[in-house]
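This report concerns only the one structure given below.
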Amino acid sequence: MIRTQGLCKYFQSDHREIKAVDGLDLQVNEGEVFGFLGPNGAGKTTTVRMLACLIGPTTGRAWVNGLEVGGADTQIRGQVGILTESPGLYERLSARRNLEIFAELYGVKDVAGQVEKYLRLLDLWDRRDTEASSFSKGMKQKLAIARALLHEPPVIFMDEPTSALDPESAKTVRDFIETLRGQGRTIFLCTHNLDEAERLCHRIGVFRQRLIAVDTPDALRRQLFGRQTVVHLAQVTDQLAATVRGLSFVKHLDVLPGEHGGGKFVVSLSDPAAQNPAIVQALVSQGAQIQFVNELKHSLEDVYLSLMQNGTAR
Amino acid sequence: MNPIRTIMSKEWSDVRRNKLVFSVVWGIPLLMAAIPTVMLIIMARVPIKQSDYQELGRMLNNPLFNGMSPAEAMQSVLASNYLVLFLMMPLMVPVTIAAYSIVGEKITRSLEPLLATPITTMQLLLGKGLAAALPGIVTAWISYGIFLIFARIFSVSDRVFSVFINPMWLVAMFVLAPLLTVMAVNVGVIVSSRTNDPRAAEQLGSLIILPLMILFIGPLTGFIMLNSLTFWISSLIVAVLDVGLVYLGVTLFQRETILTRWK
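As you go down the protein sequences, you meet chains A and B in turn. So for the first sequence, the numbering used here puts the first residue at 1; every next one is plus one. So for the second sequence, the numbering used here puts the first residue at 315; every next one is plus one.
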């Protein structure tokens, strides 16, 4: 649905060449929600602008919905919806008029019907004739989302959709994006919000001028930290630790002492589902009192920070 | 709906709701139509002294006023001198609308979503340009029409009224005025690319009327004689300038330039 091949964008500033995007190779599949993560100034917005045919690449190629960027820009713009970083509404015009203008520009056949559909879907119908300037940030963002969807685009670019929103408005917007997931649309989501990416995205790409890593959040965790099982014990002893270390499939064991002699074993494994029963059995045979067994899940923040600090290539 | 019409309709909806711009769009033309009309009415009622007549000096050398009585010449000369006011409208109104329409979109950051639609740059420029230009031309023509109605009533003779519908006035209103509008719109686009404040854009754009002052001061000093040839030459100069300004305006109004360099 979205494909890039060595996509680059360089800007000139003070006789200096600034590499905003440097050799991006990416494939986003149909119906996928793809999270594009990176720090400020990483080139995320530039990438979205190139893919939405707002600016041209310096070198490299890109295809959106089968059409090549640079060769069919007007058609591509008609097939993508874009939610820009700032809502960019016509503040003096009503919510309805804002949408009517864009529906007409996108060549929507049933302008009134589509406008009503999205105003109702986003709970703005009752305020349809109110000037956009009087809307809260959350309402403005919802109106901007409606604007991006009016022409039912198969591909949607969202640039920081929940930034600068209060938690309640952000949740409303996030919930709405979640409903779009089930509609088979391809969503390219730039975000700083790692929980949001975790919740909404099938795959994520970590990007800073170059693509550092791309995969599902779970796969990235596995790549970076492996798979780890945490065994909570009422009593931690050296003998129990030696028993676990003695198992051939255990890659690594960390002992984390807790209160009153209790603690945790953090065991690195290749296949926890198959290997956990053997660990439990070995510990119980040594008289261990097991309180809980669970998988250690590193947060996406851990993954992101680790990639930003160490990662330079996929 | 055609994208050009959509843009024009959007611009006008926006202008209608912007009290400052709306008052400029209608206030300036009304004022500029009122000045020559009031001058015409006063000249029809005030007795003309020989000394007043002689003060017109070199302006009376214009063959347009040959054979006129002092009262006719006085009314014709003074009202004609204010013709330049009708030419200011196609400059000031479009500059005001263009400045607010483009700089305003920069400020509210609404240009990016607009540029992300399938509209072509040419359609967008045409829509914005026409939305800014048409009110300027239409208000200039309406003001001229209103002036002609009063001129019909208050001209001291048919000979005076015929001065206001002679080829010189017609060239000015129907050839030079539209060309000036094209100039104003492009100046609005160019100025907009260099400023983020609509008022600054409007003020900078308003400087465009300065060259027009030649047509106002020139006849008073005898440096220029107002006739058809003067307006044809002016039209030619403005047409040449328009070509250069349209080229510059289109060059500056590139999507990439707007999004990455218009700060």
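Even glycine gets a Cβ: it sits at the ideal position worked out from N, Cα and C.
**Message:** Considering just the uninterrupted stretch of the alpha helix (DSSP H) at B:D556, what are its terminal residues?
**Reply:** That run of the alpha helix (DSSP H) goes 542 to 566.
**Item:** Span separating the alpha-carbon of A:H298 from that of A:L305
**Value:** Between the C-alpha atoms of A:H298 and A:L305 there is a straight-line separation of about 11 angstroms.
**Asked** So, are the CB atoms of A:E131 and B:T422 less than 7 angstroms apart?
**Response** A distance of 7 angstroms or more separates the beta carbons of A:E131 and B:T422.
**Asked** DSSP on B:A454, reduced to helix/strand/coil?
**Response** In this structure, B:A454 counts as helix in the three-state DSSP scheme.
**Item:** Ordered list of alpha helix (DSSP H) runs contained in the region 333 to 401 of chain B, each at least 4 residues
**Value:** As far as the region 333 to 401 of chain B is concerned, its whole alpha helix (DSSP H) runs of at least 4 residues are 333 to 359, 364 to 369, 384 to 395.
**Span separating the alpha-carbon of A:G379 from that of A:K251** = Because chain A here runs from 1 to 314, residue 379 of chain A falls outside it and cannot be looked at.
**Item:** chain A residues whose Cβ lies nearer than 7 angstroms to that of B:T574
**Value:** F11, I55, listed in chain order.
**Prompt:** So which residues of chain A does B:A430 contact, with C-beta pairs closer than 7 angstroms?
**Reply:** A52, L54, R77, I82, listed in chain order.
**Asked** Under the rule that 16 or more other beta-carbon atoms within 10 Å means buried, what is B:W483, buried or exposed?
**Response** Classification for B:W483: buried.
**Item:** Contact residues within the region 92 to 106 of chain A, judged by C-beta distance below 8 angstroms to chain D
**Value:** No chain D is present in this structure, whose protein chains are A and B.
**Asked** Considering only C-alpha positions, which residue in the set A:Y118, A:F176, A:S133, A:G184 is nearest to B:N332?
**Response** It is A:S133.
**Asked** Quick one, which of A:F34, A:W63, A:V48, A:I18 has its alpha-carbon nearest A:T4's?
**Response** Looking at the Cα atoms, A:W63 is the closest of the given residues.
**Item:** Pick from B:M539, B:V552, B:I547, B:L550 that is closest to B:N376, judged by C-alpha positions
**Value:** Measuring from the Cα of B:N376, the nearest candidate turns out to be B:M539.
**Item:** Where A:A313 falls: helix, strand or coil (DSSP)
**Value:** With a pLDDT of 40 at A:A313, under the threshold of 50, the modelled position of that residue is not reliable, and the figure given next carries that caveat. Looking at A:A313 - three-state DSSP - the assignment turns out to be coil, as it is neither helix nor strand.
**Message:** In the DSSP output, which residue or residues are listed as bridge partners for A:D215?
**Reply:** Assignment of beta-bridge partners to A:D215 by DSSP yields A:I204.
**Request:** Whole angstroms is fine: what's the gap from A:M1's alpha carbon to A:L83's?
**Result:** Straight-line Cα distance between these residues: approximately 18 angstroms.
**Asked** Which residues, in order along the region 323 to 356 of chain B, keep a beta-carbon less than 7 angstroms from a beta-carbon of chain A?
**Response** Of all residues in the region 323 to 356 of chain B, K324, S327, D328, R331, N332 have a Cβ within less than 7 angstroms of some Cβ in chain A.
**Prompt:** If we count the other Cβ atoms within 10 Å of its Cβ and call it buried at 16 or more, is B:P427 buried or exposed?
**Reply:** B:P427 is buried by the Cβ-count criterion.
**Item:** 8 angstroms contact criterion, which A:I51 and A:F157 should meet: CB distance rounded
**Value:** What sits at residue 51 of chain A in the sequence shown is Leu, not Ile. At roughly 7 angstroms, the Cβ-Cβ gap stays under 8 angstroms, so A:L51 and A:F157 are in contact.
**Request:** Look up A:R317 in the DSSP assignment and say whether it is helix, strand or coil.
**Result:** Coverage of chain A is limited to positions 1 through 314, which leaves residue 317 of chain A absent and any answer about it impossible.
**Prompt:** Going along chain A in order, which residues have a C-beta closer than 8 angstroms to the C-beta of B:T565?
**Reply:** Chain-ordered listing is empty here: chain A has no CB closer than 8 angstroms to the CB of B:T565, the nearest sitting near 16 angstroms.
**Request:** Note down the Cα distance separating B:M346 from B:L399, rounded to an integer number of angstroms.
**Result:** One Cα belongs to B:M346, the other to B:L399, and the distance between them is close to 6 angstroms.
**Request:** Give me whichever residues DSSP pairs with A:M158 in a beta bridge.
**Result:** Note: A:M158 sits in a beta bridge opposite A:L83, A:L189.
**Item:** Length of the line joining the Cα atoms of B:S507 and B:T435
**Value:** Answer to the nearest angstrom: the Cα atoms are 15 angstroms apart.
**Message:** Once the 5 residues before and after B:V409 are set aside, which same chain residues still bring their CB inside 7 angstroms of it?
**Reply:** Only A498, V501, G502, E516, G519, S520, I522 meet the Cβ criterion.
**Message:** When you compare the CB of A:S86 with every CB in chain B, is at least one pair closer than 7 angstroms?
**Reply:** Interface flag for A:S86 against chain B is set, since a Cβ pair is found closer than 7 angstroms.
**A:T4: contacting residues in chain B (beta-carbon distance under 7 angstroms)** = When 7 angstroms is used as the limit between beta carbons, A:T4 is near no residue of chain B, the shortest such separation being about 18 angstroms.
**Message:** Looking at chain B, is there any beta carbon in it that lies within less than 7 angstroms of the beta carbon of A:Y304?
**Reply:** No, no contact with chain B.
**Message:** Distance check for B:M353 and B:P384, CA to CA, integer angstroms please.
**Reply:** Using only the alpha carbons, I get a separation of about 16 angstroms.
**Request:** Measure the C-alpha to C-alpha separation of B:F461 and B:S542 and round it to an integer number of angstroms.
**Result:** The straight-line gap from Cα to Cα measures roughly 20 angstroms.
**Item:** Within chain A, partners of B:S424 - CB distance below 7 angstroms
**Value:** Neighbours of B:S424 in chain A, taken as residues whose beta carbon is under 7 angstroms from its own, are G88, L89, Y90 in chain order.
**Request:** Output the distance between the C-alpha atoms of A:L37 and A:C190, rounded to the nearest integer angstrom.
**Result:** CA-CA distance, A:L37 to A:C190, rounds to 6 angstroms.
**Request:** Using a Cβ cut-off of 8 angstroms, pull out every chain B residue sitting near A:R147, in sequence order please.
**Result:** Result: P427.
**Item:** For B:V338 and B:P350, the rounded distance between their alpha carbons
**Value:** Pairing B:P350 with B:V338, the inter-Cα distance amounts to about 19 angstroms.
**Asked** Considering only residues of the same chain and omitting the five flanking positions on each side of A:E295, which have a CB-CB separation below 8 angstroms?
**Response** Once the five neighbours on either side are set aside, the close Cβ partners of A:E295 are R227, Q228, T229, V230, P272.
**Item:** Bridge partners - A:L227, DSSP secondary structure assignment
**Value:** Note on identity: in this sequence residue 227 of chain A is Arg, with Leu being the wrong assignment. According to DSSP, A:R227 bridges with A:L269.
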